[in-house]
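I have placed the structure first, in the form of structure tokens, so that the comments after it can refer back to it.
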Amino acid sequence: MTHHLIKRLIVATALCGAMATAASAENLRFTVWTGSQAHLDMLNGIAEGFAETHPDVTVQFDTIPFGDYVQKLTLQLAGGNPPDLGWLLENSAPAFVEAGVLADVGDTLNATDGYDYADLSEPAMGLWVKDDAVYGVPFSTSPFIVYYNKSLYDAAGLETPTARAEDGSWTWEQLKTDAAALRDADAGVWGYETVDGQGYGARVWHNLIPIIRAYGGDAWTDGTCQFDSAQSVEAVKLFHDMVYADGSAVPPGEQGDFFSGNAALTVAQISRVSKLADVDFEWGIAPLPSGPAGEAATIGQAGVVAFAQGKNKELASEFLAYMTDKDNVATMAAFFPPARKSVLASDGFLTSNPAVTPEQMKIVAEGIESGTVLPSHERFPQIEAEARPDFDALWSSDADVQAVMTKLCEDIQPLL
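Residue 760, in the numbering used here, is where the sequence shown stops; the numbers in between run on with no holes.
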């Protein structure tokens with residue numbers, strides 16, 4: 345998918361709008377990228393609550409795999425088959441806002457009794473508000489954290505990431521050392537798995553940006569590419585060495601699922617704790633490691649949006665308001681850290697998920713308070729497409745990291 349395809353949606357908006365009046369107003373189709381039964385049960389419970397005041401309305405949650413989500417959603421919109429609502433990532437928000445495909449839900453939010461729009465964190469709403477329009481509400485403002493297999497750490501006699509975070513020795517270099525020590529080829533255990541095992545493709549940004557920022561680099565600042573800076577290159581080299589020098593990170597084309605016990609460490613968000621319900625090992629979570637530039641908490645954000653071409657736009661806006669009110673945000677907080685200040689500051693948030701201790705949930709809260717959202721840009725789909733071949737060029741043992749990152753900046757700079 346390219347930025348041009350999103351632009352075409354502006355035309356599709358007008359065409360689809362003409363079709364809207366002929367459609368049923370009793371079913372809302374809502375696209376998500378989760379397949380977790382725990383997440384879907386929670387979402388369906390929220391939909392059942394909405395049905396108490398809207399008895400003729402059903403909400404259908406359609407799962408699109410994360411790696412295909414933006415492309416398939418865009419094709420649905422352009423093809424005249426729009427969902428009514430959906431999840432949308434922070435890096436896609438500016439492009440979808442610019443394309444005019446998101447409905448302005450501001451009037452509905454402000455007209456909903458008890459909604460308390462002012463309770464939404466202003467910084468968290470930054471990507472979703474333009475002028476006086478509100479194009480979405482974040483349901484998850486979630487920092488990336490480290491999950492580790494405590495059983496493997498204990499068996500190896502290593503100090504855990506939790507302990508190191510407390511004594512100030514939890515760094516990316518230490519994670520690299522731990523991953524190499526915990527790699528057990530005979531047992532089929534890798535040292536480190538990238539985010540959702542997709543760190544070379546769909547989640548390459550999620551994989552590299554936290555390390556790059558801890559080293560003092562970034563994707564870009566003030567419209568200037570920073571991937572080729574000395575700090576960014578040093579960070580990418582660290583990860584490259586984990587893959588090709590140490591052999592500790594799961595390499596491209598291999599499988600090593602942390603949640604099945606086949607990797608000692610991974611980076612993910614708190615929502616993934618649902619995958620640990622039935623594991624046969626002890627586990628723990630820790631903040632992202634620090635680097636030469638100190639701690640650099642990185643946040644992924646996702647919002648609930650209603651689509652301008654949707655067949656039930658008013659009803660979709662009402663459901664969006666219901667889903668993001670205080671009570672339902674408190675319910676979702678078990679997996680998705682909230683943008684509502686009152687919920688985030690509550691004791692209920694720290695105890696919202698019985699599988700996570702209050703001490704562990706504090707790590708999430710602290711990451712939200714100090715973290716920076718992943719890179720976003722109104723041309724991000726085009727930037728991502730231009731950058732993909734350059735990122736792909738990193739994944740060989742003899743890759744010249746500096747040369748690759750220099751070319752990446754040359755390719756995306758005109759878009760910035």
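We put the CB at the ideal spot given by N, CA and C, even for glycine.
Under the three-state reduction of DSSP output, residue 723 falls in the coil class, being neither helix nor strand. Closest in C-alpha terms to residue 668, from the list 684, 654 and 679, comes 684. Excluding its 5 nearest sequence neighbours in each direction, residue 719 has C-beta neighbours in its own chain below 8 Å: 435, 549, 553, 562, 563 and 564, listed in chain order.
Judged by DSSP in its simplified three-state form, residue 549 adopts helix. By the Cβ-count criterion, residue 510 is exposed, with fewer than 16 other Cβ atoms from all chains shown falling within 10 Å of its own Cβ.
The C-beta of residue 758 has fewer than 16 other C-beta atoms within 10 Å across all chains shown, which makes the residue exposed.
Between the segment 689-696 and the segment 612-620 there are fewer than three inter-stretch CB-CB distances shorter than 8 Å, so the stretches are not counted as touching. Between the alpha carbons of residue 524 and residue 533 lies a gap of roughly 11 Å. The count of Cβ pairs closer than 8 Å, one atom from the segment 511-523 and one from the segment 625-642, reaches three, so the stretches are in contact. With contacts defined by Cβ atoms closer than 8 Å, residue 401 and residue 442 do not form a contacting pair. Looking at the DSSP output, residue 757 sits in no beta bridge, so it has no partner there.
Contact between the segment 736-745 and the segment 644-662 is absent, with fewer than three C-beta pairs closer than 8 Å. Approximately 21 Å separates the beta-carbon atoms of residue 494 and residue 586; this is outside 8 Å, ruling out the contact. According to the DSSP secondary-structure assignment, residue 645 is paired through a beta bridge with 485.
DSSP lists 534 as the bridge partner or partners of residue 607. Residue 691 and residue 748 have their C-alpha atoms spaced approximately 47 Å apart.
In the pairwise beta carbon analysis, the segment 444-456 is classified as touching the segment 465-482: at least three pairs are separated by under 8 Å. A residue is called buried once 16 or more other Cβ atoms fall within 10 Å of its Cβ, and residue 419, having fewer, is exposed. Residue range 627-631 is occupied by the beta strand (DSSP E) that includes residue 630. Non-local C-beta neighbours of residue 756 in its own chain, meaning closer than 7 Å and more than five positions away in sequence, comprise 569, 727, 730 and 731, ordered along the chain. Cβ-Cβ distances below 8 Å link residue 607 to 493, 533, 534, 535, 536, 537, 594, 600 and 601 in the same chain, with the five nearest sequence neighbours on each side left out; the list follows chain order. Residue 680 carries a coil assignment under DSSP once its states are collapsed to helix, strand and coil. Per the C-alpha coordinates, the member of 673, 540 and 404 positioned closest to residue 689 is 673. With respect to the 8 Å criterion, residue 652 and residue 445 are classified as neighbours on the basis of their beta carbons.
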